[in-house]
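First the structure, in the form of structure tokens, and then the observations on it.
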Amino acid sequence: MRWDNLAPDGGAAASALFGAGAVTTRTFDTPEFRGITFHEVRARSILNRVPGASRMPFEWTVNPYRGCTHACVYCFARKSHGYLDLDTGLGFDSQIVVKTNTPELLRRELASPRWRGEHVAMGTNVDCYQRAEGRYRLMPGVLAALTERANPFSILTKGTLILRDLELLRAAADVTDVGVSVSVGFTDPELWRTVEPGTPSPGRRLDVVRTLTAHGIPCGVLMAPVIPWLGDRPDQLRDTVRAVAAAGATSVTPLVLHLRPGAREWFMSWLARHHPGLVPRYEALYANGAYAPTAYQRRITRQVHELAAEYGIGPAPAGAARRVSRPAPAPDGPPPATQLSLL
0 MRWDNLAPDG GAAASALFGA GAVTTRTFDT PEFRGITFHE VRARSILNRV
50 PGASRMPFEW TVNPYRGCTH ACVYCFARKS HGYLDLDTGL GFDSQIVVKT
100 NTPELLRREL ASPRWRGEHV AMGTNVDCYQ RAEGRYRLMP GVLAALTERA
150 NPFSILTKGT LILRDLELLR AAADVTDVGV SVSVGFTDPE LWRTVEPGTP
200 SPGRRLDVVR TLTAHGIPCG VLMAPVIPWL GDRPDQLRDT VRAVAAAGAT
250 SVTPLVLHLR PGAREWFMSW LARHHPGLVP RYEALYANGA YAPTAYQRRI
300 TRQVHELAAE YGIGPAPAGA ARRVSRPAPA PDGPPPATQL SLL
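Take 0 as the starting number for the sequence shown in numbering that gives the first Met the number 0 and just add one per residue.
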């Protein structure tokens with residue numbers, strides 16, 4: 000693992016991303032951060048345009064962190080650590096880049112005459128509510144900046160820490176479109192412990208869905224990833240969709256595991272250790288690239304959609320965001336119940 004290119008004299012890569020002399024390295028001797036190194040940086044920009052060739056259904060993202068202590072063995076963002084000459088395996092899990100000036104920088108960029116108020120997606124690269132957020136508390140400032148500008152946004156997370164910001168989400172939803180989704184690909188406890196060792200359990204994540212919905216923030220579930228031969232049996236899919244429905248999710252959208260460069264090597268090394276018999280099958284399934292064959296993806300999607308219909312939920316409409324509308328209280332009376340509308 001190298002960190003040379005983030006030093007003050009580290010060259011073009013460092014100067015393009017961070018200000019000179021802006022890197023501070025810290026470790027914390029607390030159980031939740033033991034073995035984790037934090038590299039505090041001052042970013043030069045924070046609103047990132049998604050490349051045109053991307054399959055993502057949005058154009059702009061905000062990522063306060065690089066690297067993720069969730070340590071998901073399949074995480075496609077691992078390759079991004081390589082851009083900083085950081086290790087994409089254990090280094091991605093334990094070398095966390097923290098953009099400490101995210102809120103102030105975002106506030107400035109949102110105020111620019113060039114900014115047109117486009118939708119901003121968060122949690123689509125690494126989780127903005129990973130454990131580091133409990134210490135650095137960047138998201139309250141991010142949510143405040145977006146709310147001040149009534150700028151639409153969405154959050155995807157596996158982190159229960161999002162509940163800390165419940166009232167900030169409610170305030171934002173009063174003035175703009177807010178979409179929240181929680182990622183739960185499966186409910187199998189053994190699979191969770193081995194492929195997502197740093198995340199809250201699937202049950203705790205579904206409690207987040209339940210709590211957000213109960214407080215007037217409709218929440219969908221991205222059922223991702225569905226992992227071939229480990230999490231795709233019909234009974235496993237049924238158990239997951241049933242649990243998602245019981246949590247009150249507004250939608251469930253399946254996504255089959257994809258293995259991009261960086262993630263592919265780390266996942267396959269994990270597979271060789273834990274399920275060596277599956278290695279040839281994976282090599283065949285992903286022989287043509289990062290994505291499983293279309294026929295397989297369609298089969299999984301059809302099964303999940305059928306189960307979702309059975310349990311009374313469905314896929315999220317394309318581009319949909321949720322908004323909470325709270326009417327003004329009647330004079331001399333109690334506040335009315337929260338009303339929900341899907342826009």
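Glycine included, every Cβ here is placed at the ideal spot set by N, Cα and C.
The structure presented is a predicted model; accordingly, all values stated were derived computationally and were not measured.
Determine which residues share a DSSP beta bridge with K98 and list them. Your numbering for residue 98 matches position 99 in the sequence shown. Answer is V40, bridged to K98.
For the alpha helix (DSSP H) that G202 lies in, which residues bound it at each end? The residue given as residue 202 occupies position 203 in the sequence shown. First-last of the alpha helix (DSSP H) with G202: P201 to A213.
Counted within 10 angstroms of its Cβ, other Cβ atoms place W228 as buried (16 or more) or exposed: Reading the sequence shown from its first residue, position 229 is the one you call residue 228. In summary, W228 is exposed, with fewer than 16 beta-carbon neighbours lying within 10 Å of its beta-carbon over all protein chains present.
At 3 residues or longer, what runs of the beta strand (DSSP E) sit wholly inside the segment 214-301? Unbroken beta strand (DSSP E) stretches of 3 residues or longer found wholly inside the segment 214-301: 218-225 and 251-255, given in chain order.
Every unbroken beta strand (DSSP E) inside the segment 115-196 [3 residues or more]: Within the segment 115-196, the complete beta strand (DSSP E) runs of at least 3 residues are 119-121, 152-156 and 177-182.
Please report the residue range of the alpha helix (DSSP H) in which L89 lies. Along the sequence shown, read from residue 1 onward, the residue named residue 89 stands at position 90. Per DSSP, the continuous alpha helix (DSSP H) segment holding L89 begins and ends at L89 to S93.
Could you tell me whether the segment 261-272 touches the segment 60-80, where touching means 3 or more Cβ pairs closer than 8 angstroms? The segment 261-272 makes contact with the segment 60-80; the number of CB pairs closer than 8 angstroms reaches 3 or more.
With a CB to CB cut of under 8 angstroms and the five nearest residues on each side skipped, what residues in its chain are close to T212? In the sequence shown, residue 212 corresponds to position 213, counting from 1. Correct list, in chain order: C218, A246, G247, A248 and T249.
Note down, in chain order, each residue of its chain lying with its Cβ closer than 6 angstroms to the Cβ of I161, except the 5 sequence neighbours on either side. Taking the first residue of the sequence shown as 1, we reach residue 161 at position 162. Counting only Cβ-Cβ distances below 6 angstroms, and skipping sequence neighbours, we find Y128.
Secondary structure at R113, three-state DSSP: helix, strand or coil? Position 114 of the sequence shown, counting from 1, holds the residue named residue 113. Three-state result, R113: coil.
Please classify T29: is it buried, with 16 or more other beta-carbons within 10 angstroms of its beta-carbon, or exposed? As a first step, residue 29 must be located in the sequence shown, where it is residue number 30. Counting Cβ neighbours within 10 Å, T29 comes out exposed, since fewer than 16 surround it.
In three-state terms, what does DSSP make of V72? Numbered from its first residue, the sequence shown carries residue 72 at position 73. V72 sits in coil when the DSSP states are folded into three classes, being neither helix nor strand.
In the structure shown, what three-state DSSP assignment does V49 receive? Here residue 49 corresponds to residue number 50 of the sequence shown, with the count starting at 1. Correct three-state label for V49: coil.
Checking the sheet assignment: what are the DSSP bridge partners for T24? The residue given as residue 24 occupies position 25 in the sequence shown. Residue pairing by DSSP puts T24 in a beta bridge opposite H38.
Over what stretch of residues does the beta strand (DSSP E) that includes T29 continue unbroken? If you number the sequence shown from 1, residue 29 lands on position 30. Here T29 belongs to no beta strand (DSSP E), and DSSP marks it neither H nor E.
Compute the distance between the beta-carbons of Y135 and V97, then report whether it is under 7 angstroms. Taking the first residue of the sequence shown as 1, we reach residue 135 at position 136. Taking the first residue of the sequence shown as 1, we reach residue 97 at position 98. With contacts defined as CB atoms closer than 7 angstroms, Y135 and V97 qualify as a contacting pair.
Looking at V181: is its Cβ nearer than 7 angstroms to the Cβ of F152? Position 182 of the sequence shown, counted from the first residue, corresponds to residue 181. Position 153 of the sequence shown, counted from the first residue, corresponds to residue 152. With a cutoff of 7 angstroms on beta-carbon distance, V181 and F152 are scored as not near each other.
Among A291, L155, T87 and L142, the one whose alpha carbon lies nearest that of T175: Here residue 175 corresponds to residue number 176 of the sequence shown, with the count starting at 1. Comparing Cα-Cα distances from T175 to each of A291, L155, T87 and L142, the minimum goes to L142.
Taking V208 as the reference, which of D187, L155, V194 and R192 has the closest Cα? Start at 1 with the first residue of the sequence shown, and residue 208 comes out as number 209. The shortest C-alpha separation from V208 is found at L155.
Can you give the Cα-Cα distance for E117 and P279, rounded to whole angstroms? Position 118 of the sequence shown, counting from 1, holds the residue named residue 117. Position 280 of the sequence shown, counting from 1, holds the residue named residue 279. Roughly 44 angstroms between the two C-alpha positions.
Could you pull the start and end residues of the alpha helix (DSSP H) that G81 belongs to? Against the sequence shown, residue 81 aligns to sequence position 82. Segment R77 to G81, the alpha helix (DSSP H) holding G81.
Do H38 and D126 have their C-beta atoms closer together than 7 angstroms? The residue labelled residue 38 in the question sits at position 39 within the sequence shown. The residue labelled residue 126 in the question sits at position 127 within the sequence shown. In this structure, the beta-carbon distance from H38 to D126 does not fall below 7 angstroms.
Taking the straight line between their C-alpha atoms, what separation do you get for R65 and I95? Here residue 65 refers to the residue found at position 66 when the sequence shown is read from its first residue. Here residue 95 refers to the residue found at position 96 when the sequence shown is read from its first residue. Taken atom to atom, the span from the alpha-carbon of R65 to that of I95 is near 6 angstroms.
Taking buried to mean at least 16 other C-beta atoms within 10 Å of its own C-beta, is Y82 buried or exposed? On the sequence shown, position 83 is the one that residue 82 refers to. Burial call: exposed.
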